[in-house]
Structure formats: structure tokens, C-alpha cells
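Contents: one structure, followed by commentary.
Residue numbers (the numbering used here): -17 to 374.
Right, here's the structure in full:
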């Protein structure tokens, strides 16, 4: 098959960008049956990190699509039409959008495969979009994208159930391709941990801290995490515990920063919460390897890749039940009701106060994470394309 790919999210730092790079890099290394053609905006092409072993069609655009498609912005009609025209002139058997975020109307005789990583925007629109205008724009884009799509790709059986529930797709036309931790996420011996990375954030290898990695969106439920942190720090021997928040505070999808900082100030936890900003993977692994646990208390996750990356670095997980993580990392963490401060506080107490149980969960989590690889995901993509090629 000759497959067009929307590669506009290639350079994006968030989960769907990581998924696109991890999956397609692995697929390009192993694929022998299908020809890929990348369609990419001029801004992303200018970053210079696209793979060299794939044909690329560069489209002149006014804005980077992943910025313009953020929760508080929208893409211009001119840019959307430019992407549409670029595909219309190509002979393709299929066109693959790794993420609906950068969807545009694709005029092609090929079958369209739409990547939908979750239904968080549908389940929690008030938490994802800042106003009615952007909620309506998202609903319109979603309606058109799902109407045009012949097949859906998603990242977990959990997400698949939500997609079928919301959009009514036949289950046999929804494919699951797992996410996976990049090879850089691995356990390190204590003497291999880079102390200079820790010291940049006021930490040492002996510091007791919890870590969160991801966007600072309202649906990530971070104010509740700060609430639990403040309660834990009142307990004997827990006053030194800190929370490290790793994520780009200027990202277009992060309208929850002000609310989070207000909660920190309200609970007098300014000395307990460390904002690192964006940290490269090669550095964040040193934080992960010495953290007590990674905490992902989101209202929902389609996959929850940061939790799997943390597990790959040898730490246990506290994560939302409303995700595939209770299955992916079973017995490798504590999975909580995202509406329950009591459950979250109890989970923090276990991770910080019961080293035997914590170490056992860490061992299991690491073993589970090691089962997920991008090579496996590439095989799932190959099977998806072969199935699409054989269907009407």
C-alpha cells in the first residue's frame, strides 16, 4: 500500500507527538510492504528532525498546526485548504492521521484512518476547552473527521470502548496500537544518576519526592494532588516530601496553570511544589529513577504514557482508574478514583511510608513496562494496514 501520513504533529512534545515519532520511526525500520508519504507543514519541516528514509511533501502554512489546533486557538481556513490540496494531488491507497488534533479534510480515493487517542474532550469539554467557541469548533472538527474516516486507530481497549460509545463506530473498524516507552526510559544504578540534573531543581538522591509528568490541563486533576500532598505533609516524618511537576507551562494546551498555582498558594505548599518546565527525556530519567512514585491522578487517560515511562525507570505508579493503566500495570501501582482525595492521600501514604510494598510494586511495574515496545506497536500498525488493504 501507498500510505499518506499527516506528520504535522511530529515535533510536538505532548503524548500524541511522542506516539507519532515512536510508532513511525519503528515502522520505518521494520516495514517492507508499505510505502509511506509524509505530509507536513513548513514549520515542522523546518525543525529538521523528520526521518530521511521517507518521501516528504512539505506544505507552506502560516502557523504550526499543533499550535493553531490547541485548546485556545484554531487553524486558518487557508492552512487547512493548503493541506487538503497537497493530498488531493497524490495517488494514495490510504491516508493515516496519527492524531485527530491535526486533522484536515483529506480529498483522496484512499481509505482514511483517523487516530483518536481518547474521548476526554467529549467526556470533559468544560475542562479541556476554555470557552463555548472552542468547544463548538472541536465538535465540528470531530464530526467531520469521524464522518470522513473509514477506520479509527486508538491506543488502548479502554479508549476504544469510549470511541465506540461516543461515535458509534463498528468495533471491527477500530484498531488498537499500543504506546510504549522510548528506550531511554530505563532503570539506572544510583551511581549513574546525574546529580547535576537533580541539583538544578534543589534535589539530591536522598530527597523524597513524588513526580508528575505531562500537561497542566484542568482534566489532569493536579489541584487534587496538591490537596493530598498538603494532607500528607502534616503527618509525622512527612514534612520534607515534595512534588516535582514536569511540563511546559507555556504549552497551548495548559490553561490550568493559574488554578494550580492558586491552590498551591491557598494550601501554603509553595515550598513543596517544584515546577521544572520542559525537561528533555535524557534528563528526566534521572528524576524518575530517584522519585518515590509517579502520580497521574487525571480524570481520564486514553493510555497514560508518562506512567509507563516512570514504570520503565523502576518506580511504582499512582494513577487514575479511568484509564487502561490498571490493566497495563496491574499490581505495579495503586489505582484511584480521580474524584477521591481520600484514596489519593492513602496511596501517597503507602508509597512514602511502606518501602516493602512500594519496592514490590516497582518491580512489577518495571516488568510490565518492558513488555511494551515500539517494535510491537509497529507490528500492530502493519497488521492494521494489511487489514485495511483487504477490506472494502
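By construction, the Cβ of each residue, glycine as well, lies at the ideal position given by its N, Cα and C atoms.
Here the structure is a predicted model, which is why all the values come from computation and not from measurement.
- Within a 10 Å sphere around the beta-carbon of residue 272 sit 16 or more other beta-carbons, which makes this residue buried.
- The region 83 to 92 and the region 134 to 147 do not touch, with fewer than 3 CB-CB distances between them shorter than 8 Å.
- Secondary structure within the region 198 to 269: the beta strand (DSSP E) runs of 3 or more consecutive residues, fully enclosed, are 224 to 228, 255 to 259 (chain order).
- A distance below 6 Å between beta-carbons, with the five flanking residues on each side excluded, links residue 371 to the following residues of its chain, in chain order: -17.
- When C-alpha distances from residue 104 are compared across 132, 81, 145, 130, the shortest belongs to 145.
- Here the alpha carbons of residue 323 and residue 361 stand approximately 40 Å from one another.
- For the set 83, 36, 78, the Cα lying nearest the Cα of residue -6 is the one of 83.
- The alpha-carbon of residue 202 is positioned some 21 Å away from that of residue 143.
- In this structure, residue 292 lies away from residue 310, with their beta-carbon atoms at least 8 Å apart.
- Within the DSSP secondary-structure output, residue 39 pairs in a beta bridge with 21.
- Excluding its 5 nearest sequence neighbours in each direction, residue 164 has C-beta neighbours in its own chain below 7 Å: 4, 263, listed in chain order.
- With a cutoff of 8 Å on beta-carbon distance, residue 21 and residue 36 are scored as not near each other.
- Burial state of residue 290 is buried, judged by a 10 Å Cβ sphere holding 16 or more other Cβ atoms.
- Bridge partners of residue 113 according to DSSP: none are assigned.
- Taking 3 residues as the minimum length, the region 332 to 373 contains no beta strand (DSSP E) run wholly inside it.
- Pairing residue 211 with residue 225 gives a Cβ-Cβ distance under 8 Å.
- For residue 359 against residue 76, the beta-carbon gap comes to about 18 Å, at or over 8 Å, which does not count as contact.
- Straight-line measurement puts the Cα of residue 179 at about 8 Å from the Cα of residue 269.
- Residue nearest to residue 194 within the set 95, 2, 287 is 287 (criterion: CA-CA distance).
- Beyond the five residues adjoining it in sequence on each side, residue 355 comes within less than 6 Å, by CB distance, of 162 in the same chain, given in chain order.
- Apart from sequence neighbours up to five positions away, the residues of its chain that approach residue 176 with a beta-carbon distance below 6 Å are 268, ordered along the chain.
- In summary, residue 218 is exposed, with fewer than 16 beta-carbon neighbours lying within 10 Å of its beta-carbon over all protein chains present.
- In the three-state reduction of the DSSP assignment, residue 90 falls in the coil class.
- Using a Cβ distance threshold of 8 Å, residue 111 and residue -14 do not count as a contacting pair.
- Taking the C-beta atoms as reference points, residue 251 is found no nearer than 8 Å to residue 190.
- Here residue 283 is buried, its C-beta having at least 16 other C-beta atoms within 10 Å.
- Restricted to the region 281 to 308, the beta strand (DSSP E) segments that are unbroken, complete and at least 3 residues in length are 299 to 302, listed in chain order.
- Counting only the Cα atoms, residue 70 lies some 22 Å from residue 135.
- Nearest neighbour of residue 151 by Cα position, chosen from 127, 182, -11, 335, turns out to be 127.
- Sorting 214, 119, 369 by C-alpha distance to the C-alpha of residue 335 places 214 at the top.
- Following the DSSP letters along the chain, one finds residue 141 inside the alpha helix (DSSP H) bounded by residues 139 to 149.
- Closest in alpha carbon position to residue 170, among 58, 340, 300, 348, is 348.
- C-alpha of residue 168 to C-alpha of residue 344: approximately 13 Å in a straight line.
- Boundaries of the alpha helix (DSSP H) around residue 65: 59 to 70.
- Cβ neighbours of residue 315 within its own chain (closer than 8 Å, five residues either side excluded): 275, 289, 293, 298, 299, 300, 301, 307, 343, 347.
- When rounded, the separation of the alpha-carbon atoms in residue 339 and residue 65 is 52 Å.
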